[in-house]
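Right, one structure below, let's go through it.
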Amino acid sequence: MKTQPYTLLVVDDSQALLPQLVRTLGPEDFALRVARSGPEALGLTQEVDGVLLCSGGLDEAQAQGLLEALSPPQPGPQPAVVVLAPPEDRALRLAALRRGAEVILTPWDDEELRLRLYRSLEAHSRLRSLHSQVEELRRLAVTDGLTQVHNHRYFQERLREEFRRSQRYDESLSLILVDLDHFKNINDAHGHGAGDRVLREVAASLQHSVRETDLVARYGGEEFAILLPCTHLPGALTVAERIRKGINELHAGPEGALRVTASLGVSSFPHRAILAPEQLLLTADEALYRAKREGRDRICLHPPAPLFSAPPSRAG
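Residue numbers (the numbering used here): -7 to 308.
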């Protein structure tokens, strides 16, 4: 049950009804904010629980336009909208009802006004809570629980989607696979708790190394995948080197005592050997294992060519 008063935005150009509303809607249930119609009112809608639209002082076109702006057809619950309308304004009442708004006729009964407002606000509060729960479930369904980057299933879905989009619009798409070098040694020497912490810190480093439009996912174990839409091979190699350096510079694990390196494989579409998303993944995987074989802490790409190789003394 809500312990704080609902915040209610009263939109009233004439403000003729405001004194009566203040008397009717006590501060123990409703905290009132007042605005005239237009940008001022629309700018406050996301800061309140509900909007009480007084149609007096507005012509029919203005009232319906404001009602449309207050109830946009977009995802997610909007503030509750309640319209105070005279009985003769049938068009406005019907327009409000079509948009899911509550309608109260003027002159109103004080108790009815309070009850209808409270009922409408309660319903929208439950809807918002449900929407938040659904969004959290959606987030959990595509997120790796340990590292908080995307999970393997979501990566596979996005890989197929982005590949189809790249084919359709003739755009570049690149993929980087990142595998931590000798990660088993960290688990064996310092415990799985330390290994988990390293994975979380590496995941954070990966996210800092890419754009918001890029996708970072835990591919499995100590392996990560980075999908780079609208990125050709030279751009992907620049990102890969930034990732490799970022991991090298980490002071990871408990007390920042562990140093980590990674091997990276890079592949890019379009390429004559890549006709499907599975082939983009396979060629990046082949490049990754070539980086492992050639000494680790380096980047290899498809077609074969080692880049940004670490000095022999750094290879594990």
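Cβ coordinates follow ideal geometry from the N, Cα and C atoms, glycine included.
In DSSP terms, what residue i is bridged to
{"i": "residue 171", "result": "215 and 255"}
{"i": "residue 96", "result": "76"}
{"i": "residue 191", "result": "Bridge partners of residue 191: none, in fact."}
{"i": "residue 209", "result": "142 and 217"}
{"i": "residue 42", "result": "0 and 72"}
{"i": "residue 266", "result": "263"}
{"i": "residue 244", "result": "250"}
DSSP three-state assignment for residue i, whether helix, strand or coil
{"i": "residue 26", "result": "strand"}
{"i": "residue 250", "result": "strand"}
{"i": "residue 181", "result": "helix"}
{"i": "residue 31", "result": "helix"}
{"i": "residue 226", "result": "helix"}
{"i": "residue 21", "result": "coil"}
{"i": "residue 81", "result": "coil"}
{"i": "residue 231", "result": "helix"}
{"i": "residue 14", "result": "helix"}
{"i": "residue 7", "result": "coil"}
{"i": "residue 309", "result": "In this structure the chain extends from -7 to 308, so residue 309 is not present and cannot be described."}
{"i": "residue 273", "result": "helix"}
{"i": "residue 102", "result": "helix"}
{"i": "residue 90", "result": "helix"}
{"i": "residue 201", "result": "helix"}
{"i": "residue 47", "result": "coil"}
Cutoff 7 Å; reference residue i; Cβ partners in own chain excluding five residues on either side
{"i": "residue 7", "result": "none"}
{"i": "residue 191", "result": "138, 139 and 214"}
{"i": "residue 150", "result": "207 and 219"}
{"i": "residue 19", "result": "-3"}
{"i": "residue 305", "result": "Confidence at residue 305 is low in this model, with a pLDDT of 41, below 50, so the placement of that residue is unreliable and no value is reported for it."}
{"i": "residue 36", "result": "1, 25 and 27"}
{"i": "residue 252", "result": "172, 190, 194, 239, 242 and 244"}
Own chain residues within Cβ distance below 8 Å of residue i, not counting five before or after
{"i": "residue 155", "result": "165, 261, 268, 269 and 272"}
{"i": "residue 59", "result": "45, 73, 75, 84, 87, 88, 91 and 93"}
{"i": "residue 95", "result": "74, 75, 77, 85, 88 and 89"}
{"i": "residue 193", "result": "242, 244 and 245"}
{"i": "residue 47", "result": "55, 75, 76, 77, 78, 81 and 84"}
{"i": "residue 142", "result": "134, 135, 136, 150, 207, 208, 209 and 210"}
{"i": "residue 11", "result": "none"}
{"i": "residue 183", "result": "none"}
{"i": "residue 108", "result": "74, 94 and 96"}
Cutoff 6 Å; reference residue i; Cβ partners in own chain excluding five residues on either side
{"i": "residue 170", "result": "216, 254 and 256"}
{"i": "residue 26", "result": "2"}
{"i": "residue 113", "result": "-2, 41, 42 and 72"}
{"i": "residue 199", "result": "208"}
{"i": "residue 293", "result": "258 and 279"}
{"i": "residue 186", "result": "245 and 246"}
{"i": "residue 62", "result": "43 and 73"}
{"i": "residue 98", "result": "76 and 78"}
Check your understanding: Counting pairs of beta carbons, one from the region 230 to 243 and one from the region 260 to 268, are three or more of them closer than 8 Å?
Key -> The region 230 to 243 is not in contact with the region 260 to 268.
**Study point:** Three or more C-beta pairs below 8 Å linking the region 171 to 181 and the region 217 to 228
**Key:** The region 171 to 181 makes no contact with the region 217 to 228: fewer than 3 CB pairs, one atom from each, lie closer than 8 Å.
Point to revise | Runs of alpha helix (DSSP H) wholly within the region 119 to 165 (minimum 4 residues, chain order) | key: Listed in chain order, the complete alpha helix (DSSP H) runs (minimum 4 residues) inside the region 119 to 165 are 144 to 161.
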